[in-house]
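Written below as structure tokens is the structure these notes are about.
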Amino acid sequence: YNPSIPTRGASYNEKNGEVQIGSDVLSGLKDQQPWAKAVLLHELQHGIQGIEDFARGGNIDQFLTATDRKAVAAAGYAETSLAKQASALRDLLPLLPPKQRNSAREALDGYDAGVLTYDEAFSTLMDVTQGFTSTPDISSWWSRTDAILQQAEKAIPLRDAAQRRAYDKYMTLRGEQEA
Numbered sequence: 001y002n003p004s005i006p007t008r009g010a011s012y013n014e015k016n017g018e019v020q021i022g023s024d025v026l027s028g029l030k031d032q033q034p035w036a037k038a039v040l041l042h043e044l045q046h047g048i049q050g051i052e053d054f055a056r057g058g059n060i061d062q063f064l065t066a067t068d069r070k071a072v073a074a075a076g077y078a079e080t081s082l083a084k085q086a087s088a089l090r091d092l093l094p095l096l097p098p099k100q101r102n103s104a105r106e107a108l109d110g111y112d113a114g115v116l117t118y119d120e121a122f123s124t125l126m127d128v129t130q131g132f133t134s135t136p137d138i139s140s141w142w143s144r145t146d147a148i149l150q151q152a153e154k155a156i157p158l159r160d161a162a163q164r165r166a167y168d169k170y171m172t173l174r175g176e177q178e179a
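FYI, in our numbering the residues of the sequence shown are 1 to 179.
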């Protein structure tokens, strides 16, 4: 397990023969989830390719341009920042009245569980906290979150488009290899 790997990610290091997996993959393996086994087997196959001297294959990321990589990085930064803001709001929940506190907690729990997207969760969180911006801590949280959401609204669609383009190019290469 490597905490710097994306939660559902994995990688194979051909220099030392090590497979590193993200936290969701580790949990999935413990729960015997088929998708997690497929991720691990995929990475192990890279090791076999090296031992047997097979062609390395491709990677979707190799089709990202420099601009695309910046978009991916910006979206990742925005998503990490939003996760930190979600965590910070949990500490501020006692400052909210019970009804707003419960609404915020439900949105945070849905976001943490992956049931709500960032825009669904933070739309609720911004609405719930907006009436309490006279409280300095909430005001600071609200302003920072609003700025991050503006960044996310620009960066995430650019990242998604870049990844779609890279995937399309990769699939074209894959089709040529299979032919």
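Note that CB positions come from ideal geometry on N, CA and C, so glycine has one too. These numbers were taken from a predicted model, which means no experiment stands behind them.
The segment 112 to 129 makes no contact with the segment 33 to 48, as fewer than three CB pairs between them are under 8 angstroms.
A residue is called buried once 16 or more other Cβ atoms fall within 10 Å of its Cβ, and Arg159 is buried on that count. Distances from the alpha-carbon of Ser81 to those of Asp168, Asp137, Ile148, Ala166 put Ile148 closest. Contact between Thr135 and Leu95 is confirmed by a C-beta separation of about 6 angstroms, below the 8 angstroms threshold. Looking at Glu18, Ala107, Gln33, the one whose alpha-carbon comes closest to that of Asp24 is Gln33. Approximately 14 angstroms separates the beta-carbon atoms of Ala36 and Gln20; this is outside 8 angstroms, ruling out the contact. Around the C-beta of Ala86, 16 or more other C-beta atoms lie within 10 Å, and the residue is accordingly described as buried.
When rounded, the separation of the alpha-carbon atoms in Ser143 and Leu41 is 45 angstroms. Annotation: the continuous alpha helix (DSSP H) that includes Ile48 extends over 34 to 51.
For Ser123, the enclosing alpha helix (DSSP H) begins and ends at 118 to 130. Secondary structure of Asn102 (DSSP, three-state): helix.
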